[in-house]
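Here's the structure we're looking at; comments come further down.
2 protein chains.
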Amino acid sequence: MTVVLRTIAEARAWVRAERGAGRTLGLVPTMGALHEGHASLFRRARAECDRAAISIFVNPTQFGAGEDYERYPRTWESDLRMAEREGVDAVFYPEAGEMYTEPPLVTVHPGKLGKTLCGPSRPGHFRGVATVVAKLFHILQPDRAFFGQKDAQQVIIIQRMVTDLNFPVAIEVCPTVREPDGLAMSSRNRYLSAEERKNATILYQVLRCAETMFKGGVRDSSRLEQEMERQIQEMIRATPGAELDYARVVDRWSLQPMGAIDREALVAVAVRFGKTRLIDNLILTPEE
Amino acid sequence: MTVVLRTIAEARAWVRAERGAGRTLGLVPTMGALHEGHASLFRRARAECDRAAISIFVNPTQFGAGEDYERYPRTWESDLRMAEREGVDAVFYPEAGEMYTEPPLVTVHPGKLGKTLCGPSRPGHFRGVATVVAKLFHILQPDRAFFGQKDAQQVIIIQRMVTDLNFPVAIEVCPTVREPDGLAMSSRNRYLSAEERKNATILYQVLRCAETMFKGGVRDSSRLEQEMERQIQEMIRATPGAELDYARVVDRWSLQPMGAIDREALVAVAVRFGKTRLIDNLILTPEE
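Below, the structure is given as structure tokens:
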């Protein structure tokens, strides 16, 4: 039985009852438009906690002007069915006016972690993300919260937020779930035309290529970046409206540029197909 | 019996035990150098909660370059005695390195609430305050937290932080405690010379004068500001090293300038005596 919680007061009452009974609570924050990537998080939450809650909230403050807040897919009926099928105990599904009674003045800032990679294309995005996740943590008070590695920069910012602000929450990062051809699952994939969908596999291809070069001994981050860029530009020439946002190799934890890959590195790419922006990433780990 | 908690792990264990036993928890965050104003907060916490905890932490991130972080009074022995005398159950007394293992990247920003009044003289101060209070709330997880009205801008920022980020904490604001001559109690009063101490009563005097004018029917905020300024400048001419920082009448909740006082107003003053900066305030409430 999946409980739907529409207000903060309802959510707090549910949390109070569950925690009062000594049960541990797992949370998966989502924006809905659920896919198999989300389902994998729900299963982790169920396996590791006595109760699994998810939130479905298309958070306006993390969308910039001209981004897809209005047209972001809202698929409540099928989202709820998936939550039920996966044995989710509670879905927190508030209206925007419930989460933001007034425009927020006090917010959580990700500092320099929000300024690299997706930061320049999405000013204010990671402040919106960090702020809404802080709100959800305070409302639902989970013991553990589950995020997908696909949103690598978001994950690092949330982990650092938890450390820097001492949130009593453990962050669990779950592997990216992919389509059979390697494309990372994303609620935004449905925006793609058939042609774009076919060419979108380039993201994972260049990541795997960078990984292969790394495993073959290449340690110069800019060589990996150049090769990824070269391959993406080739795809772009054949794809109307496609555009490279970035193809970067950065320090895994600070997200800052690195020269030699002598420690864990995040390889991250972002490509635009018309108005649709896709991201993907993987981690490189030098042997000790 | 007052327990002293030196580490975050110790604090969390104490909180877990108390909350596990179903007891409510009150928190008074302080920087030590405790005086009767603090004691009044401790008594409120004891009266309203099953357990009263205080924190004593001179938070480096809320001091600017050239401010008094190094020389801020540290009076641990007498602070602990006061805590014991007042029946405080636990004192969280961490080292700076325990609270900040690395320089924080993710912080809590007070937005425009941090830019008025004390903001311009103390850049970064309220970000430091909001961030450390968020940390303390996450570590000690109080049901209620108690703050003094003397630090009016801090109080508004903390209240707004709790609202905007949905902290599960009730904020209780307690009246300013004053010396017999009206000077608001402050850990920084001990910095004053005998002459400065005598003249420092001007802060409360001009506040009371503004209140009297208001009660006499004056509703123009700038008239109150001008009269306060005039009186402070007169004192300053007789006091070497004294300087006006501000004398302002602002909207009580937004801290923004107001013309006519047709809603709750905060009257706030700040005066420097050499390196020592004193603040005080009161609230004006128009009758309905």
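Chains F and R supply the protein sequences, listed in that same order.
Count along the first sequence from 1, then add 273; that gives the number in the working numbering.
Count along the second sequence from 1, then add 273; that gives the number in the working numbering.
Glycine included, every Cβ here is placed at the ideal spot set by N, Cα and C.
Distance CB(residue i)-CB(residue j) smaller than 9 Å
i         : j         : result
Asp535(R) : Val542(R) : no
Arg433(R) : Leu378(F) : yes
Ile509(R) : Ala520(R) : no
Gly455(R) : Thr380(F) : no
Val523(F) : Thr389(F) : yes
Arg296(F) : Glu371(F) : no
Gly284(F) : Phe365(F) : Checking the sequence, you will find Ala at residue 284(F) rather than Gly. In contact: Ala284(F) and Phe365(F) (Cβ atoms closer than 9 Å).
Ala467(F) : Ser494(F) : no
Ala318(R) : Ile327(R) : yes
His382(F) : Arg395(F) : no
Leu480(F) : Thr404(R) : no
Gly310(R) : Pro415(R) : no
Phe546(R) : Ala515(R) : yes
Between the CA atoms of residue j and residue i - distance to the nearest angstrom
i         : j         : result
His398(F) : Glu445(F) : 22 Å
Gln422(F) : Val428(F) : 7 Å
Val301(R) : Ala457(R) : 18 Å
Thr275(R) : Trp349(R) : 14 Å
Thr436(R) : Ala511(F) : 51 Å
Glu500(F) : Gly490(F) : 15 Å
Val450(F) : Asp424(F) : 12 Å
Thr251(R) : Ala418(F) : Beyond the ends of chain R as shown, which are 274 and 561, falls residue 251(R); an answer cannot be given.
Leu551(F) : Val544(F) : 5 Å
Ile431(R) : Leu528(F) : 31 Å
Glu498(R) : Leu307(F) : 56 Å
Val277(F) : Thr558(F) : 41 Å
Thr485(R) : Arg492(R) : 11 Å
Pro393(R) : Asn332(R) : 19 Å
Met304(F) : Glu340(F) : 15 Å
Pro367(F) : Phe440(F) : 23 Å
Thr549(F) : Cys391(F) : 14 Å
Val282(F) : Ala363(F) : Looking at the sequence provided, one finds Ala at residue 282(F) rather than Val. For Ala282(F) and Ala363(F), the distance between alpha carbons rounds to 14 Å.
Ile556(F) : Arg525(F) : 7 Å
Val406(R) : Glu507(F) : 51 Å
Leu517(R) : Glu343(R) : 24 Å
Ala533(F) : Arg496(F) : 10 Å
Gln426(R) : Gln426(F) : 34 Å
Local Cβ density within 10 Å of residue i, reported as buried at 16 or more and exposed below that
i         : result
Gln335(F) : buried
Ala369(F) : exposed
Gln478(R) : buried
Ala320(R) : exposed
Ala294(R) : exposed
Glu469(F) : buried
Arg503(F) : exposed
Ser351(F) : exposed
Pro530(F) : exposed
Arg324(R) : buried
Distance cut-off 8 Å: residue i Cβ against heavy atoms of the ligand ADP
i         : result
Thr374(R) : The ligand ADP is absent from the structure shown, which contains no ligands of any kind.
Next item on the list: Count the CB pairs spanning the region 399–410 of chain R and the region 461–475 of chain R that are closer than 8 Å, and state whether there are at least three.
Entry: no
Check: Okay, do the region 307–319 of chain R and the region 287–296 of chain R touch, 3+ Cβ pairs below 8 Å being the bar?
Finding: no
Legend entry - Near-chain F residues of the region 326–346 of chain R (beta-carbon distance less than 8 Å), N- to C-terminal order: none
Checklist line | the region 431–455 of chain F: positions lying closer than 7 Å to chain R by Cβ | finding: Arg433, Met434, Asp437, Leu438, Asn439, Phe440, Pro441
Got a sec: which bits of the region 379–394 of chain R sit with their beta carbon under 7 Å from any beta carbon on chain F, in order along the chain?
-> Val379, Thr380, Val381, His382, Pro383, Gly384, Lys385, Leu386
Near-chain R residues of the region 413–427 of chain F (beta-carbon distance less than 8 Å), N- to C-terminal order: Among the residues of the region 413–427 of chain F, those with a Cβ less than 8 Å away from any Cβ of chain R are Gln414, in the order of the chain.
- Query: Does the pairing of the region 474–488 of chain F with the region 357–367 of chain F give three or more beta-carbon distances under 8 Å?
  - Reply: no
request  = Report the residues of the region 520–537 of chain F with a CB closer than 7 Å to any CB of chain R, ordered along the chain.
outcome  = none
Please name the residues in the region 305–317 of chain R whose beta-carbon is closer than 8 Å to at least one beta-carbon of chain F, in chain order. Result list empty, no residue passes.
- prompt: Which residues, taken in chain order from the region 464–477 of chain R, show a beta carbon closer than 8 Å to some beta carbon of chain F?
  reply: none
Listed from N- to C-terminal order along the chain, which residues in the region 357–381 of chain F have their beta-carbon within a distance smaller than 7 Å of any beta-carbon of chain R?
Interface annotation for the region 357–381 of chain F against chain R: Pro377, Leu378, Val379, Thr380, Val381, criterion Cβ-Cβ distance under 7 Å.
Below 8 Å between beta carbons is the criterion; list the residues of the region 275–296 of chain F that meet it against any residue of chain R, in chain order. Ile281, Arg285
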